[in-house]
Amino acid sequence: MAELVLAALLPVLFEKLASAALKELARYEGLEAEIEKCKEWLELIQGVLTQASQMKTTNPAVKPWLKHLQHLAYDIDDVFDGWLTEAMQRKFTHDSEDITNKVRKKLIPTCCTNFSSCTKMHVKLRQINARLEHLVRQRNDLDLRVKEETRPQNNNANIGLHTCAANPSTTVGRTAEKAEFVQKLLVDDPSDQNFSIVPIVGMAGVGKTNLANFLYNEKQVQNHFAPNMAWVQVSGEFDIIRISQEIFEAVGGEATKAPRNFNKLQEVLKDKLIGKRFLLVLDDVWSESHRDWETLVGPFYTCAPGSKIVITTEKDKLLKNLGYKPLIKQLGSLPYDDALSLFALHALGVRNFDSQFVIV
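Count the sequence shown with mature numbering (1 follows the signal peptide of the UniProt record, and there is no 0) and you get residues -20 to -1, 1 to 340, in order.
Structure representation (structure tokens):
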């Protein structure tokens, strides 16, 4: 049960970490490095929750690890709530008639002008990170790692490719976003090139990959693009050779026949895609290199008009560099009712809590 609570709570923590109030507090008090470290530890832990849930029955040590993590997540949530509440309550004060103090107090939360209070914040955050680091180290001891089998797979079991059908019954919320993105994929945008980018941008845990998964398996989208579709799990290094090889396999190429020479590989891809409408999903992109991007998409310029590349990412710098700034729209967290429905679905197998359950 702990993993279900964590699955619901971690996105909330990520949202608070990304909040303007907490960022302002971190900037003025020199907490930015510790806040970023906290986010990184949580991301490392989030990546193994599914595996931990599967292993808790076979490895007795996993269950208490999840329980400790649940208690820590509650503590972190309480700490963040306390800081955000205090900062908002004291942010704008007009007690002093001195204009300098007025400006200073307007810009800086009063809680941060108190040395003792700020010292406690530093100490508390370091304690949180120490506890998170300890759990991450235990994660390694428990052999909890993000493994290839946890990634989307296709019928040929090619790593990083994704053709497995999404289960509509497990998809909750995002009705407006789904309709909006389906429309973007089906419409042939006027463009100087035959393909266009459809960005899905948002912080960790908000459901970018889940939304992309829905789009990839949506019937209208399948009918529009199939069989020329590919899903590549990028994550980490933007390895254009690996990505190109996986696209080659997705469009019918045999892994054993993929050219070893990268230039030849791109020529083969170009020949396979020429005149065809193509959909590519690049999931979890972190690269900001304009040069790498231009190299990767070289073969796509011969695709048929209306081809699309869906990118899921937390970072929008590359998209801005490519001129897609007006299209960048941050994917927000699920509304409360949808989040509650998602929790009920995973916890009880139903979309709504029965009247006998009381939410407190």
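All C-beta atoms in this analysis are idealised placements derived from N, C-alpha and C, irrespective of residue type, glycine included.
{"Query": "How many angstroms separate the CA atom of residue 179 from the CA atom of residue 296?", "Result": "9 Å"}
{"Query": "What do you reckon, are the CB atoms on residue 266 and residue 215 nearer than 9 Å?", "Result": "yes"}
{"Query": "Can you tell me the Cα-Cα spacing of residue 292 and residue 33, whole angstroms?", "Result": "25 Å"}
{"Query": "Measuring only the C-alpha atoms, how far is residue 234 from residue 182?", "Result": "35 Å"}
{"Query": "Check whether the Cβ atoms of residue 115 and residue 31 lie closer than 9 Å to each other.", "Result": "no"}
{"Query": "Which class does residue 211 belong to by DSSP, given the choice of helix, strand or coil?", "Result": "strand"}
{"Query": "Rounded to a whole number of angstroms, what is the C-alpha to C-alpha distance between residue 301 and residue 48?", "Result": "42 Å"}
{"Query": "Runs of 3 residues minimum, wholly inside the stretch 253 to 308: which ones carry the beta strand (DSSP E) assignment?", "Result": "259 to 265, 287 to 293"}
{"Query": "Would you mind sorting residue 13 into buried or exposed? The rule is 16 or more other CB atoms within 10 Å of its CB.", "Result": "exposed"}
{"Query": "Classify residue 203: buried if its beta carbon has 16 or more other beta carbons within 10 angstroms, exposed otherwise.", "Result": "exposed"}
{"Query": "Helix, strand or coil, according to DSSP, for residue 248 in the structure here?", "Result": "helix"}
{"Query": "Hey, could you find the ends of the beta strand (DSSP E) residue 239 is sitting in?", "Result": "No beta strand (DSSP E) contains residue 239, which DSSP labels as neither H nor E."}
{"Query": "Return the bridge partner residues of residue 180 from the DSSP annotation.", "Result": "292"}
{"Query": "Along the chain, where does the alpha helix (DSSP H) containing residue 200 start, and where does it finish?", "Result": "199 to 205"}
{"Query": "Mind checking residue 7: buried by the 16 CB within 10 Å criterion, or exposed?", "Result": "exposed"}
{"Query": "Spatial neighbours of residue 174 within its chain, please: CB distance less than 8 Å, with the 5 preceding and 5 following residues excluded, ordered by chain position.", "Result": "280, 281, 282, 283, 284, 285, 286, 287"}
{"Query": "Taking the alpha-carbon positions, what's the residue 84 to residue -2 distance?", "Result": "Bear in mind that a pLDDT of 47 at residue 84, under 50, signals an unreliable position, so the number given afterwards is only what the model happens to contain. Whole-angstrom Cα-Cα distance: 21 Å."}
{"Query": "Which residues does DSSP pair with residue 310 in a beta bridge?", "Result": "181"}
{"Query": "Between which two residues does the alpha helix (DSSP H) containing residue 224 stretch?", "Result": "220 to 230"}
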